[in-house]
Amino acid sequence: MHKLWRHMGDEALGVEVREFSRLHVAPVADEIDETDRYPSELTTATALKGWNSLTLPKEYGGQGASLVEQLVIFEELSVGSAALGISLITNFQCQKVVQWFGSETLKQRFLPRYREGLCTSFSLTEPGRGSDIRSVDTVAHRVDGGWELNGEKAFITSGSAADAMIMLVQAPGGIALFEVPTDVPGATKVETRDAETFGLRNGPHVNLVLDKVRLPVDSLIGEEGKGLKQAMVTLSSSRVLAAGISLGIARAAFDQALLWAHERKLFGQTVLDFQGIQWYFAEAAAKIDAARALVYQAAADVEAGRDIQRSSSEAKLFASRVATEVADRAIQICGAHGTRVSSPFGRYFRDAKAYELAGGSSEVLKNTIAKSLHKSVSQTAG
Ligand SMILES: Cc1cc2nc3c(=O)[nH]c(=O)nc-3n(C[C@H](O)[C@H](O)[C@H](O)COP(=O)(O)OP(=O)(O)OC[C@H]3O[C@@H](n4cnc5c(N)ncnc54)[C@H](O)[C@@H]3O)c2cc1C
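Per the working numbering, numbering through the sequence shown is continuous, rising by one, with the last residue being 514.
If you want it as structure tokens, here you go:
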């Protein structure tokens, strides 16, 4: 089945990750989803292989690899389990914030720990704030020896396992990003039924309540007033990887449906022999191939600094939609089998749909693309 999809990016890396995903990730994917648990055995195994810190410079324990190589890892692992993909994406987001904007002491203290399995979350959302991240209710005040933080962050992926979070906070000089260890006095993780989602289940998305949390001076990342810009730059990069997770989901749904249609016999032939069903597969294959081309191009664009916002938003917008469409079609092809709780198709559909909202909703991404088009035409028209 895997021969259906040619390797993109570094082929040797693709072969290695594809095999790891098939042998170690796919077999536990349904159980992770069903129990909504953080897959720490898999995140530790990928950390030891250096796959969770691939793009970090060598002096911080990384391999100085490109975003395209990181994308290969996200796509292939997410064919096995999107829950593992999102467990890795929250680490990627936090390490990029620290690498790009943190002080040297913070980099030394923080980044080498990823190789040992450090788990971190990127915390922007608040109970009363969703897409509009320009409004932040969580506040930081200066105190002797550092900062005091108060407020509550919400919907935090990987939050149940996170050792630390990178958090968007309103500081006196404007919105800023802070590094917040989760075991610091005054910080409490809260898991409610509201924190459970039907898709992308890697443990409940926790809220973190901050009550007079004291942090050292270098917990502030970069400068006050720069937090929004820093978060947007980071999201632009991670959106390409989110799109890679959607590619993985689409491929998994397609592969499983094709296998089933090849084996299921009806009216003296296989389901795959029906022309109507073949057309479903042909359409889905074309969409997945188109999405892969777009997403890998976006990774190259982001790496080269070309039209980053538009490229990464188009990649996530398109790939997340394709994944939902392919998962939907896969269920249809497989008939009642597609609806079985014991089959993986419900998981594919739920994971795919959730990624049309998480990490920037499709509507917000369309706004970003339109803004870029508007800017281009204004410059062209003069
Ligand atoms: C599975 C999952 C994981 C998540 N993980 C994290 C995480 O790790 N960290 C974190 O900080 N947050 C996380 N979130 C929260 C996520 O970032 C928000 O759900 C997302 O930003 C949208 O916010 P919202 O759900 O409150 O929707 P709202 O902002 O309330 O939007 C409601 C609707 O209005 C649309 N809309 C909003 N603004 C506009 C606009 N300007 N123009 C047109 N339409 C608009 C939206 O697209 C949506 O359809 C996660 C969410 C999910 C589902």
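Glycine residues also receive a C-beta, built at the ideal position from the N, C-alpha and C atoms.
Keep in mind it's a predicted model, so treat the numbers as computed, not measured.
Relative to the alpha-carbon of Ala374, which residue among Ser452, Arg461, Val322 has its alpha-carbon at the smallest distance?
-> The residue labelled residue 374 in the question sits at position 242 within the sequence shown. Closest option to Ala374, Cα to Cα, is Ser452.
Would you say Val496 touches ligand 1, meaning its beta carbon is less than 7 Å from a heavy atom?
-> Position 364 of the sequence shown, counted from the start, is the residue given in the question as residue 496. True, at least one ligand heavy atom lies under 7 Å from that Cβ.
Own chain residues within Cβ distance below 6 Å of Leu367, not counting five before or after | Reading the sequence shown from its first residue, position 235 is the one you call residue 367. Closer than 6 Å at the Cβ level, and outside the excluded window around Leu367, lies no residue.
With respect to 7 Å, is the separation between the Cβ of Phe206 and the closest non-hydrogen atom of ligand 1 below this value?
-> Locating residue 206 in the sequence shown gives position 74, where the first residue counts as 1. No.
Does the beta carbon of Leu506 fall short of 7 Å from some heavy atom of ligand 1?
-> Residue 506 sits at position 374 when you count from the first residue of the sequence shown. The identity of residue 506 in the sequence shown is His, whereas the question assumes Leu. No.
Looking at the unbroken beta strand (DSSP E) that takes in Thr252, where does it start and where does it end?
-> Here residue 252 refers to the residue found at position 120 when the sequence shown is read from its first residue. That run of the beta strand (DSSP E) goes 252-255.
When the Cα of Glu284 is compared with those of Gln202, Tyr246, Leu360, Gln302, which residue comes out closest?
-> For this step, residue 284 is matched to residue 152 along the sequence shown. It is Gln302.
What distance in whole Å lies between the Cβ atoms of Leu209 and Ser253, which are believed to be in contact at a cut-off of 8 Å?
-> Looking up residue 253 in the sequence shown gives position 121. Looking up residue 209 in the sequence shown gives position 77. With 8 Å as the limit, Ser253 and Leu209 do not qualify as a contact, their Cβ atoms being about 18 Å apart.
Heavy atom of ligand 1 within 7 Å of Asn499 beta-carbon | For this step, residue 499 is matched to residue 367 along the sequence shown. For ligand 1, at least one heavy atom lies less than 7 Å from the Cβ of Asn499.
heavy atom of ligand 1 below 7 Å from Thr329 C-beta = Here residue 329 refers to the residue found at position 197 when the sequence shown is read from its first residue. Checking every heavy atom of ligand 1 against the Cβ of Thr329, one is found closer than 7 Å.
From what residue to what residue does the alpha helix (DSSP H) around Glu163 run?
-> For the purposes of this step, residue 163 is taken as residue 31 along the sequence shown, with counting starting at 1. Residues 158-167.
Less than 8 Å between the CB atoms is what I'm expecting for Ser493 and Ser263, so what's the real figure, rounded?
-> Against the sequence shown, residue 493 aligns to sequence position 361. Against the sequence shown, residue 263 aligns to sequence position 131. Yes, Ser493 and Ser263 are in contact; Cβ-Cβ is about 6 Å, under 8 Å.
According to the Cβ coordinates, are Ser445 and Thr512 closer than 8 Å?
-> Within the sequence shown, the letter at position 313 stands for residue 445. Within the sequence shown, the letter at position 380 stands for residue 512. Their beta carbons are not under 8 Å apart, which means Ser445 does not touch Thr512 by this criterion.
Is it true that the CB of Leu188 sits closer than 8 Å to the CB of Gly194?
-> Walking along the sequence shown from the start, residue 194 turns up at place 62. Walking along the sequence shown from the start, residue 188 turns up at place 56. Cβ distance < 8 Å, so Gly194 and Leu188 count as in contact.
For Ala308, which three-state DSSP category applies?
-> Sequence index remark: in the sequence shown, residue 308 carries index 176 (1-based). Three-state DSSP puts Ala308 in a strand.
Note down the Cα distance separating Pro244 from Lys228, rounded to an integer number of angstroms.
-> Along the sequence shown, one-based indexing puts residue 244 at 112. Along the sequence shown, one-based indexing puts residue 228 at 96. The straight-line gap separating the alpha-carbon atoms of Pro244 and Lys228 is approximately 13 Å.
For the stretch 426-489, which segments carrying the alpha helix (DSSP H) assignment without a break, of at least 4 residues, lie completely within its bounds, in sequence order?
-> 440-465, 467-471, 477-486
CA nearest to the CA of Ala486, picked from Arg472, Lys448, Gly306 = Residue 486 sits at position 354 when you count from the first residue of the sequence shown. Comparing Cα-Cα distances from Ala486 to each of Arg472, Lys448, Gly306, the minimum goes to Lys448.
Do you know how far the Cα of Thr402 is from the Cα of Arg455?
-> What you label residue 455 is simply residue 323 of the sequence shown in a count that begins at 1. What you label residue 402 is simply residue 270 of the sequence shown in a count that begins at 1. First, the amino acid is wrong: residue 455 is Ala here, not Arg. Those two C-alpha atoms are separated by around 25 Å.
Around the Cβ of Ser443, are there at least 16 other Cβ atoms within 10 angstroms (buried) or fewer (exposed)?
-> In the sequence shown, counting from the first residue as 1, residue 443 sits at position 311. Looking at its Cβ environment, which holds 16 or more other Cβ atoms inside 10 Å, Ser443 is buried.
Name, in chain order, the residues that DSSP records as bridge partners for Pro348.
-> Position 216 of the sequence shown holds residue 348. Looking at the DSSP assignment, Pro348 forms a beta bridge with Gly278.
Any heavy atom of ligand 1 closer than 7 Å to the CB of Gly260?
-> Within the sequence shown, numbered from 1, the residue matching residue 260 stands at position 128. Incorrect: Gly260 has no Cβ contact closer than 7 Å to ligand 1.
Tell me whether Phe287 sits in a helix, a strand or coil according to DSSP, three-state version.
-> Within the sequence shown, residue 287 is the residue found at index 155, counting from 1. The answer is strand: DSSP assigns Phe287 an E or B state.
Cβ-based neighbour list, Val230, same chain, cut-off 8 Å, excluding 5 preceding and 5 following = Your numbering for residue 230 matches position 98 in the sequence shown. The answer, listed in chain order, is Leu238, Lys239, Phe242, Leu243, Ile298, Glu311, Ile353.
What do you get for Asp483, buried or exposed, if any count of 16 or more other CB atoms within 10 angstroms of its CB means buried?
-> By 1-based counting over the sequence shown, the position of residue 483 is 351. With 16 or more other Cβ atoms within 10 Å, it is buried.
How about Gly517: is its Cβ closer than 7 Å to a heavy atom in ligand 1?
-> Since the first and last residues shown for the chain are 133 and 514, residue 517 lies out of range.
Would you mind sorting Val434 into buried or exposed? The rule is 16 or more other CB atoms within 10 Å of its CB.
-> Taking the first residue of the sequence shown as 1, we reach residue 434 at position 302. Buried, since its Cβ has 16 or more Cβ neighbours within 10 Å.
Which residues does DSSP pair with Val301 in a beta bridge?
-> On the sequence shown, position 169 is the one that residue 301 refers to. The partner list for Val301 (beta bridge, DSSP) reads Ala308.
Measure the CB-CB distance between Tyr246 and Asn184 and report whether it falls below 8 Å.
-> As a position in the sequence shown, residue 246 is number 114, starting the count at 1. As a position in the sequence shown, residue 184 is number 52, starting the count at 1. In this structure, Tyr246 sits near Asn184, with a CB-CB distance shorter than 8 Å.
Residue burial classification, Pro304 (beta-carbon count within 10 angstroms, cutoff 16) | Mapped onto the sequence shown, residue 304 falls at position 172. With fewer than 16 other Cβ atoms within 10 Å, it is exposed.
N-terminal and C-terminal residue of the alpha helix (DSSP H) that Ala502 is part of = Within the sequence shown, residue 502 is the residue found at index 370, counting from 1. Looking at the DSSP string, the run of the alpha helix (DSSP H) that includes Ala502 is 494-513.
Reduced DSSP category for Arg333 - H, G, I as helix; E, B as strand; rest coil | To locate residue 333, count along the sequence shown from 1; it is residue 201. Three-state DSSP puts Arg333 in coil, outside helix and strand.
Give the DSSP bridge partners of Ala272, in chain order.
-> If you number the sequence shown from 1, residue 272 lands on position 140. DSSP output for Ala272 lists Leu281 as bridge partner(s).
Provide the residue(s) that pair with Val341 in DSSP beta bridges, ordered along the chain.
-> Working through the sequence shown from its first residue, we reach residue 341 at position 209. Per DSSP, Glu284, Thr320.
Using the DSSP secondary-structure output, state which residues sit across from Thr402 in a beta bridge.
-> As a first step, residue 402 is located in the sequence shown; it is residue number 270 there, counting from the start. Bridge partners of Thr402: Lys397.
Grab me the residues of Asp343's own chain with a C-beta within less than 7 Å of its C-beta, minus the 5 sequence neighbours each way, in chain order.
-> For this step, residue 343 is matched to residue 211 along the sequence shown. Correct list, in chain order: Asn282, Gly318.
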